[in-house]
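Enquirer: To start, I am sharing the structure in question, which I have written as structure tokens.
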Amino acid sequence: MWKMKVEKVGTGIQWDEEITRKNDNFKWVKISKKCSEEKALEYAEKLVSNFNSTLREGESARKVVGVFFDDN
Numbered sequence: 001m002w003k004m005k006v007e008k009v010g011t012g013i014q015w016d017e018e019i020t021r022k023n024d025n026f027k028w029v030k031i032s033k034k035c036s037e038e039k040a041l042e043y044a045e046k047l048v049s050n051f052n053s054t055l056r057e058g059e060s061a062r063k064v065v066g067v068f069f070d071d072n
């Protein structure tokens with residue numbers, strides 16, 4: 001599965017998350033294994049941008065550090 005390395009802005013704290021997207025039925029699904037790294041990065045940046053635009057009280061902005069494919 002494709003994963004993204006994200007960082008909490010201003011802290012240096014990083015972690016990995018699955019990259020997901022909404023399908024035509026508005027359900028969250030993993031992106032395809034056949035997806036290119038460039039497309040995976042595009043999905044990741046869109047996902048984090050959406051998260052950052054809907055921050056709730058106490059949540060911190062995030063940024064994408066990179067993407068990678070995890071066979072596990």
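Take this note's numbering: the final residue in the sequence shown is number 72, and no numbers are missing along the way.
Virtual Cβ for every residue (Gly too), placed ideally from N, Cα, C.
All figures in this text were calculated on a predicted structure; none of them were measured in a lab.
#1: Beta-carbon within less than 7 Å of M1's beta-carbon, same chain only, minus the 5 sequence neighbours each way: which residues are those?
#2: In angstroms, rounded to a whole number, what distance separates the CA positions of N25 and S60?
#3: Please determine, among V48, R62, M4, the residue with the shortest C-alpha to C-alpha distance to T11.
#4: Note down the Cα distance separating N52 from S36, rounded to an integer number of angstroms.
#5: By DSSP's criteria, T20 is part of a beta bridge. Which residues make up the other side?
Expert: On the basis of the supplied data:
#1: In the sequence shown, the residue the question calls residue 1 occupies position 1. Answer for M1: E18, K30, D70, listed in chain order.
#2: Taking the first residue of the sequence shown as position 1, residue 25 is located at position 25. Taking the first residue of the sequence shown as position 1, residue 60 is located at position 60. Cα to Cα, the separation comes out at about 29 Å.
#3: Numbered from its first residue, the sequence shown carries residue 11 at position 11. The shortest C-alpha separation from T11 is found at R62.
#4: Here residue 52 corresponds to residue number 52 of the sequence shown, with the count starting at 1. Here residue 36 corresponds to residue number 36 of the sequence shown, with the count starting at 1. Approximately 24 Å, taken between the alpha carbons.
#5: In the sequence shown, counting from the first residue as 1, residue 20 sits at position 20. Beta-bridge pairing by DSSP links T20 to K30.
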